[in-house]
Every structure is written in structure tokens, then in C-alpha cells.
Amino acid sequence: MEFVDGWVFGHTLGEGAYGEVKLVINKSTGEAVAMKMVDLVKHPDARQIVRKETAIHRMLSNPNIIQYFGKRSEPNMEYIFLEYASGGELFDRIEPDVGMPVWEAQKYFKQLISAVEYLHSRGVAHRDLKPENLLLDNNDNIKVTDFGLATIYKMQGKERCLDRRCGTLPYVAPEVLKRPYHAEPADVWSCGIILVALLAGELPWDQSSAEYPEYTAWREGKYLQFTPWKKLDNSSLSFIRKILVHLPSSRLTIREIKEHHWFLNNFSEGEGQIGNAAFKFNCTRLDYEASQVKFCLSQPELPREENLNSVNINLETREGISFSQPAHMEDLLISTQVQMLQQTQPSQQNPYQRLVRRMTRFFVTTDCESTVKRLVTCFESESYTYRICDFGIVTVSTVDRRKMPLVFKANIMEMDGKILVDFRLSKGCGLEFKRRFIKIKSKLDDIILKGPSTWPIAIATQTSS
Ligand code: AMP
789 MEFVDGWVFG
799 HTLGEGAYGE
809 VKLVINKSTG
819 EAVAMKMVDL
829 VKHPDARQIV
839 RKETAIHRML
849 SNPNIIQYFG
859 KRSEPNMEYI
869 FLEYASGGEL
879 FDRIEPDVGM
889 PVWEAQKYFK
899 QLISAVEYLH
909 SRGVAHRDLK
919 PENLLLDNND
929 NIKVTDFGLA
939 TIYKMQGKER
949 CLDRRCGTLP
959 YVAPEVLKRP
969 YHAEPADVWS
979 CGIILVALLA
989 GELPWDQSSA
999 EYPEYTAWRE
1009 GKYLQFTPWK
1019 KLDNSSLSFI
1029 RKILVHLPSS
1039 RLTIREIKEH
1049 HWFLNNFSEG
1059 EGQIGNAAFK
1069 FNCTRLDYEA
1079 SQVKFCLSQP
1089 ELPREENLNS
1099 VNINLETREG
1109 ISFSQPAHME
1119 DLLISTQVQM
1129 LQQTQPSQQN
1139 PYQRLVRRMT
1149 RFFVTTDCES
1159 TVKRLVTCFE
1169 SESYTYRICD
1179 FGIVTVSTVD
1189 RRKMPLVFKA
1199 NIMEMDGKIL
1209 VDFRLSKGCG
1219 LEFKRRFIKI
1229 KSKLDDIILK
1239 GPSTWPIAIA
1249 TQTSS
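Sequential numbering from 789 applies to the sequence shown in the numbering used here.
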């Protein structure tokens, strides 16, 4: 289907809180753009949220932040056009309960810190930093996304304290739970938790508060025999000790992080750690205000406008921000910022379609019908609720270890005469999703096509119309 002259819809890249994110491709040049769709009928109050999110996002331009191209408003829909990150999501690179080698974690962490330093230099707090919001480009560079909970905390050197408790619980700094809080150390804290997830493949606690014994043990220094800490090398552990400090004023600042020897160290490739311990914590999205607590998962609740009284900020009148309606996709695209699709697999190319890089997929030896049957048997044995939709998509709904919803999709498609089963997270914790995927994969081992990895090839698939 042609959305705008010369541009066609590609496949669905992912699902956000208010709708799907789709690939949109220029038929003649192959330029690819991600289009976030916000269904205003289903989410009537989303218009205001989109307005704030896009007003902040459009101020930003940094190599480690997804570039905002523009938006288009229709009575029942908002479309947000973003730089396409073809490398998938960072959580996909984390081996559950193992993590990744320290040199690789350092690479991603450095890019994350660079993005957060830039955000803070623009007076923007992200407030929901987590691996699910860190996408990767074709060259494996971090691209921070999802500014749905972002806010402006500093303008013309004047800082305001933040008052809204929001974020994703395991990543939220202790002071955010108490309020008010300073934006910068709170974002730094989330970066510290991300580093733990990268190095250990698990999260240290459900919540950084006294009711959680794992957090109390950490604060009291009685943690060394526990996971994830026992998996970490001394240098990483001592660095993290200085980031995950309860008192925000004693926490490393971005500048201090950048000067720390762990950050500056040249870790050689192959240097790493392998650990194996049971995953103990889950991701819970936190978005609650005052005394009212409401929990949700990795999709944001509709945020309310924050009280901006302490600093007079009017986003509408900020220089460089307008809400003009782009008439054509061309108006949205700045050629240097738009990623060209690289023709890595010419034999398989349908230039309008690529799958984002993902490890959560495999080819099978069975035909489509038998594959669905095997999947269904597997899901039933795991007591998952599932729904088979058209076009070979099975949606699985279950709960994670903390009894919080986890929803993912298995997309069965034919490619080059073979059947590919591609799993994608819809809602919930990325690490939990990967754990489930690994279990499903082991149960289907007898029908999985062995041979060249299905990753990290960009793969062509059918055009949706
Ligand atoms: P969001 O609505 O921002 O939470 O996005 C939902 C999902 O869509 C993400 O987890 C990604 O898998 C995918 N996605 C979002 N933005 C992009 C993008 N710019 N490029 C590629 N995939 C994206």
C-alpha cells in the first residue's frame, strides 16, 4: 500500500504503548523510515502525550539518539516518523543470566553515556532508560528512543526538581520513589542498572527500596556471594558500586563516569565473564503519582502533564519547534539522516522489505501448518494463552515470574522456500521474553533447521498491503 506517493509500508517493527511501529520504504531509493502509529480512537488522551514526546524529541540531534523526522496528524491517528534502527533492540544482545563480554558491554555503555550526556546538555531527562529503549543501527551503534516519559528539567541553566514517579521499576533510582528528585543522577542510576543487565544478563532487584532484601544487602555491602554480583569482575563491580549509590549526591556524575578507569580501560575482545545463576527479578513498569500506585509493564501508561511551575517552560513557543503538517514524506526526510538499506543478501532481496536484526528467530524443517501445530503444542505445555491470527501470527500471552503480563508474537513466514519463525516482544520485560524464547527453541529443537545462523542477516519478507 502506498502511504505517500512513492513510499510503501513495510513490515511491523514493533509495538508501542499506543500502536504499532512500521517500516516505511521509498520505492525507488530504498530509504527506510520507522513510522510510529498512535491510535487516537483507542487512546484518546494520547494526542497530548505525543505532542510532548515529539516536542522534546525534535529538539534532539545526536548520533546515539534516534533522529526525529516529523509527524503527521489525522483526526484518528498520529504518525511519527523516525530514523530506522535496523539492528534491533539491545536486550536481544543480552544472553539471559549470562550477559555479554565486558568489552562489548563497555562499548554500549560508552555510547549510552554519550547519549545521556547530550540529553542533559539539552536539559532533557529521559526517565525511562532500559535496554528495551536502546535500539541499534546497522553498525551496532546505540540509538536511544522512546521519549514518552522525557521532560525538560533545565533551561537557561536553571534546574527544576522533578516530582513525577515514573520509569520501569527495576531501573528506577531510589529517590524517584520518594520524590522530588534531581533528573541527572536518576538517569545515571538507570544507566548503572543497564550496565548490570549487560554484564550479568539479569537485574539486581525488583525495586531499589528497603522492602527488597537484595537492595538492602547491596546497600549494606553484604552482597558479594549473591548473584548478579558474584558474576562480575572486580573492576566492573567497583565501578558499579560508585554508580548505584543510594544517595544521589554521592553517585558518580556523567563527568566522573567518563573519567573512571573502567570507562577508559581498553578491554580486549574476548575479555569477559561467564556466569550462570537463576534469574530472580522481573521488569515492572512504574508509573504512579502521589499516593496512588499503578503498575504496568514495559509499555507506558498515559502520562499526565507534569507540573512545570518551577521553571517556566512552554514547549509550544520554544524556538525551532513547530507542529506543521508535512504534506509529503519527502518533506520529512533529510537525506543524510536517512538510512539506506544495504543490499547484504542480493539473492533474497525484496527492496521494500527487511526484517530487523534479531536473535529470537529460527528456520524450521516443517511446513507452515505443522509448524503452527508444534508451536501450539509447545505453548499449551507451558500453559500459555495463545491466539492464532491471520497471516501466520500467533500471539502468546502469559505472565512472568512476578505474575506480570508478558505478551509476544510468533510470526511464521515463508522465505526463500523455507519457513522462518520470528518471535517479537509485544509487552513486558525483554530479558524474560528471551528466557521464554530459549525454552521454546529447546522444545522445538528436532524441527529447527541447523546451519547458517539466521542472525545477523537482514532478511527480506513479503510486502504487507
Ligand atoms: P516504542 O513505541 O517506541 O516503544 O517502540 C516499540 C517497538 O518498535 C520498539 O521496541 C522497537 O522494536 C520498534 N521500534 C520503535 N522505533 C523504532 C525505530 N526507529 N527503528 C526500528 N524499530 C523501532
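Don't be surprised by glycine CBs; every beta carbon is placed ideally from N, CA and C.
Beta carbon of residue i nearer than 9 Å to that of residue j
i: T1186; j: C1177; result: no
i: V912; j: T956; result: no
i: Q1013; j: P958; result: no
i: I1045; j: V976; result: yes
i: G887; j: G794; result: no
i: L1163; j: P884; result: no
i: A822; j: A873; result: yes
i: F1288; j: F879; result: For the chain, the structure presents residues 789 to 1253; residue 1288 sits outside this window and is missing.
i: W1050; j: L1032; result: no
i: K830; j: Y806; result: yes
i: H1200; j: C1156; result: The question names His, but residue 1200 in the sequence shown is Ile. Cβ distance < 9 Å, so I1200 and C1156 count as in contact.
i: Y1011; j: E999; result: no
i: L828; j: G875; result: no
i: L922; j: Y941; result: no
i: S861; j: R881; result: no
i: L937; j: A971; result: no
i: R1039; j: K1030; result: yes
i: K859; j: T842; result: yes
i: S1171; j: I1235; result: no
i: S1169; j: K1197; result: no
Expected contact under 8 Å - CB spacing of residue i and residue j to nearest Å
i: I854; j: T800; result: At roughly 17 Å, the Cβ-Cβ gap does not stay under 8 Å, so I854 and T800 are not in contact.
i: R1145; j: D1210; result: Not quite, the Cβ-Cβ distance comes to about 11 Å (not below 8 Å), so this is no contact.
i: P1016; j: P992; result: 6 Å
i: I844; j: F935; result: 5 Å
i: S997; j: L965; result: 6 Å
CA nearest to the CA of residue i, picked from the options
i: P863; options: Q944, L848, D833; result: D833
i: S978; options: V826, T1153, D916; result: D916
i: I1207; options: D1188, D1021, G1180; result: G1180
i: T1004; options: H1034, L1025, K1018; result: H1034
i: K810; options: V829, E866, R835; result: E866
i: V890; options: G804, S1023, Y969, K824; result: S1023
i: L1237; options: E1168, R1212, Y1174, T1153; result: T1153
i: V1195; options: E1202, D1204, R1212, G1205; result: R1212
i: T1254; options: I837, K824, V796, G802; result: No statement about residue 1254 is possible, as the shown extent of the chain runs from 789 to 1253 and does not include it.
i: T910; options: F869, L1020, K918, R846; result: Sequence inspection shows Arg at residue 910; the Thr mentioned does not correspond to that position. Selected option, being the one with the closest Cα: R846.
i: K918; options: E947, L986, T1173; result: L986
i: N852; options: G980, I1042, E871, E972; result: E871
i: F1055; options: A893, P1016, S1214, R1029; result: A893
i: F1151; options: S1171, E1168, G1205, N850; result: G1205
i: V792; options: E1168, V812, I981, E803; result: V812
i: L900; options: G804, R1175, I982; result: I982
i: N926; options: E877, E947, L991, K859; result: E877
i: R952; options: G945, P962, P968, S1026; result: P968
i: L907; options: L848, F857, Y1172; result: L848
i: F1027; options: K1018, Y1174, K946, G980; result: G980
i: G1216; options: M1203, K1191, E1202, K1018; result: K1191
i: T1041; options: E803, E905, S1169, E819; result: E905
i: L954; options: T1159, A974, G802, E1008; result: Looking at the sequence provided, one finds Cys at residue 954 rather than Leu. Nearest C-alpha to C954: A974.
i: E803; options: A820, R1223, K824; result: K824
i: H1048; options: K898, I1235, E920, E1202; result: K898
i: E1202; options: F1167, L1232, V1160, P1036; result: V1160
i: D1021; options: R1223, V984, L1052, P1036; result: V984
i: L1232; options: L1052, I868, F1167, R1175; result: F1167
i: E819; options: V826, E808, N850, F869; result: F869
i: M1147; options: N850, P1036, R1223, G1009; result: R1223
For the segment 911 to 976, list the beta strand (DSSP E) runs that are entirely contained and at least 3 residues long, ordered along the chain.
922 to 924, 930 to 932, 953 to 956
Practice prompt. Could you name each continuous alpha helix (DSSP H) segment of 4 residues or more that falls completely within the segment 860 to 888, going from the start of the chain to the end?
Written response: none
- Query: Taking only runs of the alpha helix (DSSP H) that begin and end inside the segment 997 to 1021, which ones reach a length of at least 4 residues, in chain order?
  - Reply: 1001 to 1008
**Message:** Suppose only complete runs of 3+ residues qualify. What are the beta strand (DSSP E) ranges in the segment 797 to 873, listed by chain order?
**Reply:** 808 to 814, 819 to 827, 856 to 861, 865 to 871
Taking only runs that begin and end inside the segment 1139 to 1172, name each unbroken alpha helix (DSSP H) of 4 or more residues, in chain order. 1156 to 1169
Minimum length 4: unbroken alpha helix (DSSP H) runs contained in the segment 1028 to 1057: 1042 to 1047, 1049 to 1052
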